[in-house]
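Asker: Okay, so the sequence shown: first residue is 448 according to this note's numbering, each after it adds one. We put the beta carbon where it would ideally sit given N, CA and C, even for glycine. First the structure, then my questions, so here it is.
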Amino acid sequence: MQATLGRALFLVGFATAAALEAAEPGNGLKVYISVDMEGIAGVVTGDQLGPAGFEYERFRGFMTNETLAAIEGARAAGATEFVVSDSHGNGESLLIERFPNYVTVVRAWPRPLAMMQGIDETFAAALFIGYHASTVNPSGVRAHTFSSATLADVRLNGSSVSEASFNAALAGHFGVPIAMISGDDAIVKEATAVLGPVEAATVKWAYGFHSARTLTPEASCNLIREKAKAAVARAKGMRPYRVNEPVDLDIRFKSYRPAEVLSYLPIVTRTDAHSIRYRAKDMLEAARFMEFVTNYEPGLTP
Numbered sequence: 448m449q450a451t452l453g454r455a456l457f458l459v460g461f462a463t464a465a466a467l468e469a470a471e472p473g474n475g476l477k478v479y480i481s482v483d484m485e486g487i488a489g490v491v492t493g494d495q496l497g498p499a500g501f502e503y504e505r506f507r508g509f510m511t512n513e514t515l516a517a518i519e520g521a522r523a524a525g526a527t528e529f530v531v532s533d534s535h536g537n538g539e540s541l542l543i544e545r546f547p548n549y550v551t552v553v554r555a556w557p558r559p560l561a562m563m564q565g566i567d568e569t570f571a572a573a574l575f576i577g578y579h580a581s582t583v584n585p586s587g588v589r590a591h592t593f594s595s596a597t598l599a600d601v602r603l604n605g606s607s608v609s610e611a612s613f614n615a616a617l618a619g620h621f622g623v624p625i626a627m628i629s630g631d632d633a634i635v636k637e638a639t640a641v642l643g644p645v646e647a648a649t650v651k652w653a654y655g656f657h658s659a660r661t662l663t664p665e666a667s668c669n670l671i672r673e674k675a676k677a678a679v680a681r682a683k684g685m686r687p688y689r690v691n692e693p694v695d696l697d698i699r700f701k702s703y704r705p706a707e708v709l710s711y712l713p714i715v716t717r718t719d720a721h722s723i724r725y726r727a728k729d730m731l732e733a734a735r736f737m738e739f740v741t742n743y744e745p746g747l748t749p
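Below, the structure is given as structure tokens:
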């Protein structure tokens with residue numbers, strides 16, 4: 448009896464040690480998660496989206512919960528290591544103390560690869576949580592591409608892109624497929640039209656730029672958890688989204704002066720009063736240029 452009990456305890460201990468070893472960085476399945484806020488369940492206006500909004504602190508929690516649900520689902524499918532990119536607003540929205548130790552978090556701006564900082568060829572899949580439709584989409588809650596205040600269109604090789612498809616092309620540069628997206632019905636339709644049949648969690652249905660019918664936070668987490676598990680289970684069979692390189696990056700501004708001033712750079716062509724074109728050798732260069740355009744200010748200080 449004692450020998451049997453001793454052997455059982457040994458086997459349990461061995462299994463636990465093996466599981467812990469598998470969870471160590473570099474020994475398992477890596478998943479990248481890029482998280483925005485406009486596509487989180489319940490988000491409809493600026494009241495939820497920034498520190499000045501009366502609901503922002505609560506919705507930081509909901510954003511964190513949806514991210515944790517994605518991690519839980521991916522873990523159930525075998526993922527052991529995660530990089531989470533806090534990609535909304537000031538890049539400091541996620542409540543990092545609530546994440547487990549096998550997660551690292553990318554925070555704040557600027558960063559060379561923006562919403563995809565930290566992505567590389569070692570990841571098995573990438574998941575997009577809380578994403579929103581593009582600036583040229585007439586539907587979608589808070590639809591925009593990188594900057595709702597300044598940009599009217601962003602194109603790669605002549606085609607308008609959402610943040611999802613731009614970031615998917617960046618992941619594709621490293622051979623990493625996008626396995627899942629969550630957000631409103633507008634971005635799910637827009638993204639799957641480009642990326643194909645990725646797992647999709649529709650957590651709200653847009654009525655307008657500032658209105659929607661939404662799942663509750665708990666229901667959204669349940670759905671995201673389920674879709675993330677399915678996504679990671681399917682990841683090996685998914686193809687990365689790639690664009691032809693070199694890449695023509697076209698940016699259209701709502702005002703004419705940014706286009707005028709940027710055209711002073713010999714690497715930039717002004718294509719009309721509001722638009723410029725930059726030819727990047729690859730998506731890494733395109734991402735860095737976009738980050739420069741959206742972050743540089745003459746008065747930058749440490």
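(1) List the whole-angstrom C-beta distance separating Lys629 from Met563, where the pair is believed to meet the contact cut-off of C-beta under 8 Å.
(2) Are the beta-carbon atoms of Leu747 and Ala727 separated by less than 8 Å?
(3) Compare the Cα-Cα distances from Pro644 to each of Ala488, Lys651 and Lys674 and report the closest residue.
(4) Within its chain, find whatever has a CB closer than 6 Å to the CB of Ser581; leave out the 5 residues flanking it on each side and keep chain order.
(5) Decide if Arg522 is buried, meaning its Cβ has at least 16 other Cβ atoms within 10 Å, or exposed.
(6) Less than 8 Å separating the beta-carbons of Leu617 and Leu709?
(7) Determine the closest residue to Val550 out of Leu542, Ala499 and Glu732, with distance taken between C-alpha atoms.
(8) Run through the DSSP bridge pairs and tell me what Leu574 is partnered with.
(9) Mind pulling the alpha helix (DSSP H) runs of 4 or more residues that sit fully within the region 635 to 683?
(10) How far does the beta strand (DSSP E) with Thr718 in it reach, from first residue to last?
(11) Taking only the alpha-carbon atoms, compute the straight-line gap between Pro498 and Arg704 and give it to the nearest angstrom.
(12) With contact counted as at least three CB pairs below 8 Å, one residue from each stretch, are the region 584 to 598 and the region 524 to 542 in contact?
(13) Let me make sure I understand the geometry here. Which of Gly525, Ile566 and Phe509 has the alpha-carbon closest to that of Ser540?
(14) Quick check on the burial criterion: 16 or more other C-beta atoms within 10 angstroms. Buried or exposed for Pro585?
(15) State the Cα-Cα distance for the pair Pro693 and Asp729, rounded to the nearest angstrom.
(16) Determine the direct distance from the alpha carbon of Gly525 to that of Leu476, and round the result to whole angstroms.
(17) Is the distance from the Cβ of Arg717 to the Cβ of Ala706 below 8 Å?
(18) Residue range of the beta strand (DSSP E) that Thr527 falls in?
(19) Work out the CA separation of His721 and Ser606 for me, nearest whole Å.
(20) Thinking just about the alpha-carbon of each residue, which of Ile625, Phe570, Ile566 and Val601 is nearest to the one in Thr639?
(21) Helix, strand or coil: which one does DSSP assign to Ile725?
(22) Give the DSSP-derived three-state secondary structure of Arg699 in the structure shown.
(23) Out of Tyr479, Phe656 and Arg699, which has the shortest C-alpha to C-alpha gap to Ala573?
(24) Count the other CB atoms within 10 Å of the CB of Glu744; is the residue buried (16 or more) or exposed (fewer)?
(25) Check whether the Cβ atoms of Ala611 and Phe575 sit closer than 8 Å, and answer yes or no.
(26) Would a C-beta distance cut-off of 8 Å place Val698 and Ile714 closer than the cut-off?
(27) Compute the Euclidean distance between the alpha carbons of Trp556 and Glu519, then round it to the nearest angstrom.
(28) Report the option in Asp719, Lys676 and Ser667 whose CA atom is closest to the CA atom of Asn512.
(29) Can you give me the C-alpha to C-alpha distance between Tyr711 and Tyr725, rounded to a whole angstrom?
(30) Under 6 Å Cβ to Cβ from Gly489, same chain only, skipping five residues before and after it: list those, please.
(31) Excluding sequence positions up to five away, which residues of its chain have a Cβ less than 7 Å from the Cβ of Ala755?
(32) How many whole angstroms separate the CB atoms of Phe506 and Ile487, which I take to be in contact at a CB cut-off of 8 Å?
Answerer: On the basis of the coordinates in this document:
(1) Indexing the sequence shown from 1 puts residue 629 at position 182. Indexing the sequence shown from 1 puts residue 563 at position 116. The sequence shown places Ser at residue 629, rather than the Lys named in the question. Rounded, the Cβ-Cβ distance is 17 Å, inconsistent with contact.
(2) By one-based count along the sequence shown, residue 747 stands at place 300. By one-based count along the sequence shown, residue 727 stands at place 280. Contact flag unset, no.
(3) Working through the sequence shown from its first residue, we reach residue 644 at position 197. Residue nearest to Pro644 within the set Ala488, Lys651 and Lys674 is Lys674 (criterion: CA-CA distance).
(4) Locating residue 581 in the sequence shown gives position 134, counting from the first residue. Taking Ser581 as the centre and dropping the five residues before and after it, the same chain places the C-beta of Thr592 and Ser609 closer than 6 Å to its C-beta, in chain order.
(5) Walking along the sequence shown from the start, residue 522 turns up at place 75. Only buried fits Arg522, as 16 or more other CB atoms lie within 10 angstroms of its CB.
(6) Working through the sequence shown from its first residue, we reach residue 617 at position 170. Working through the sequence shown from its first residue, we reach residue 709 at position 262. With contacts defined by Cβ atoms closer than 8 Å, Leu617 and Leu709 do not form a contacting pair.
(7) In the sequence shown, residue 550 corresponds to position 103, counting from 1. For Val550, the nearest C-alpha among the options comes from Leu542.
(8) Reading the sequence shown from its first residue, position 127 is the one you call residue 574. For Leu574, which the question treats as bridged, DSSP gives the partners Ile480 and Met627.
(9) Secondary structure within the region 635 to 683: the alpha helix (DSSP H) runs of 4 or more consecutive residues, fully enclosed, are 664 to 681 (chain order).
(10) Walking along the sequence shown from the start, residue 718 turns up at place 271. Thr718: member of the beta strand (DSSP E) spanning Val715 to Asp719, first to last residue.
(11) Position 51 of the sequence shown holds residue 498. Position 257 of the sequence shown holds residue 704. Looking at the two C-alpha atoms, the distance is approximately 29 Å.
(12) Three or more Cβ pairs closer than 8 Å define a contact, and the region 584 to 598 falls short of that threshold against the region 524 to 542.
(13) Here residue 540 corresponds to residue number 93 of the sequence shown, with the count starting at 1. Out of Gly525, Ile566 and Phe509, Phe509 has the C-alpha closest to the C-alpha of Ser540.
(14) Residue numbering aside, residue 585 sits at position 138 when the sequence shown is read from its first letter. Looking at its Cβ environment, which holds fewer than 16 other Cβ atoms inside 10 Å, Pro585 is exposed.
(15) Locating residue 693 in the sequence shown gives position 246, counting from the first residue. Locating residue 729 in the sequence shown gives position 282, counting from the first residue. Within the model, the alpha-carbon separation for Pro693 versus Asp729 is close to 5 Å.
(16) Counting from 1 along the sequence shown, the entry for residue 476 is found at position 29. Counting from 1 along the sequence shown, the entry for residue 525 is found at position 78. Whole-angstrom Cα-Cα distance: 7 Å.
(17) The count along the sequence shown starts at 1 and reaches residue 717 at position 270. The count along the sequence shown starts at 1 and reaches residue 706 at position 259. Cβ atoms of Arg717 and Ala706: closer than 8 Å.
(18) Here residue 527 refers to the residue found at position 80 of the sequence shown. Segment Ala526 to Asp533, the beta strand (DSSP E) holding Thr527.
(19) Translated into positions along the sequence shown, residue 606 becomes position 159. Translated into positions along the sequence shown, residue 721 becomes position 274. Cα atoms of Ser606 and His721: separation of roughly 17 Å, rounded to the nearest angstrom.
(20) By one-based count along the sequence shown, residue 639 stands at place 192. Among Ile625, Phe570, Ile566 and Val601, the Cα nearest to that of Thr639 belongs to Ile625.
(21) Translated into positions along the sequence shown, residue 725 becomes position 278. Going by the sequence as given, residue 725 is Tyr instead of Ile. In this structure, Tyr725 counts as strand in the three-state DSSP scheme.
(22) Here residue 699 corresponds to residue number 252 of the sequence shown, with the count starting at 1. Three-state result, Arg699: strand.
(23) Mapped onto the sequence shown, residue 573 falls at position 126. Per the Cα distances, Tyr479.
(24) Here residue 744 refers to the residue found at position 297 when the sequence shown is read from its first residue. Of the residues assessed, Glu744 falls on the exposed side of the cut-off, its CB having fewer than 16 other CB atoms within 10 angstroms.
(25) Along the sequence shown, read from residue 1 onward, the residue named residue 611 stands at position 164. Along the sequence shown, read from residue 1 onward, the residue named residue 575 stands at position 128. In this structure, Phe575 lies closer than 8 Å to Ala611 by Cβ.
(26) Reading the sequence shown from its first residue, position 251 is the one you call residue 698. Reading the sequence shown from its first residue, position 267 is the one you call residue 714. The displayed chain sequence assigns Ile, not Val, to residue 698. No, the Cβ-Cβ distance between Ile698 and Ile714 is not below 8 Å.
(27) Residue mapping note: residue 556 aligns to position 109 of the sequence shown, counting from 1. Residue mapping note: residue 519 aligns to position 72 of the sequence shown, counting from 1. Their backbone Cα atoms lie some 27 Å apart in a straight line.
(28) Here the question's residue 512 lines up with position 65 in the sequence shown. Out of Asp719, Lys676 and Ser667, Ser667 has the C-alpha closest to the C-alpha of Asn512.
(29) For this step, residue 711 is matched to residue 264 along the sequence shown. For this step, residue 725 is matched to residue 278 along the sequence shown. Roughly 12 Å separates the two Cα atoms.
(30) What you label residue 489 is simply residue 42 of the sequence shown in a count that begins at 1. Excluding positions up to five away in sequence, the list reads Thr661.
(31) In the structure as shown, the chain begins at 448 and stops at 749. Residue 755 is therefore absent and cannot be evaluated.
(32) Here the question's residue 506 lines up with position 59 in the sequence shown. Here the question's residue 487 lines up with position 40 in the sequence shown. Contact between Phe506 and Ile487 holds, with the beta-carbon distance rounding to 7 Å and staying under 8 Å.
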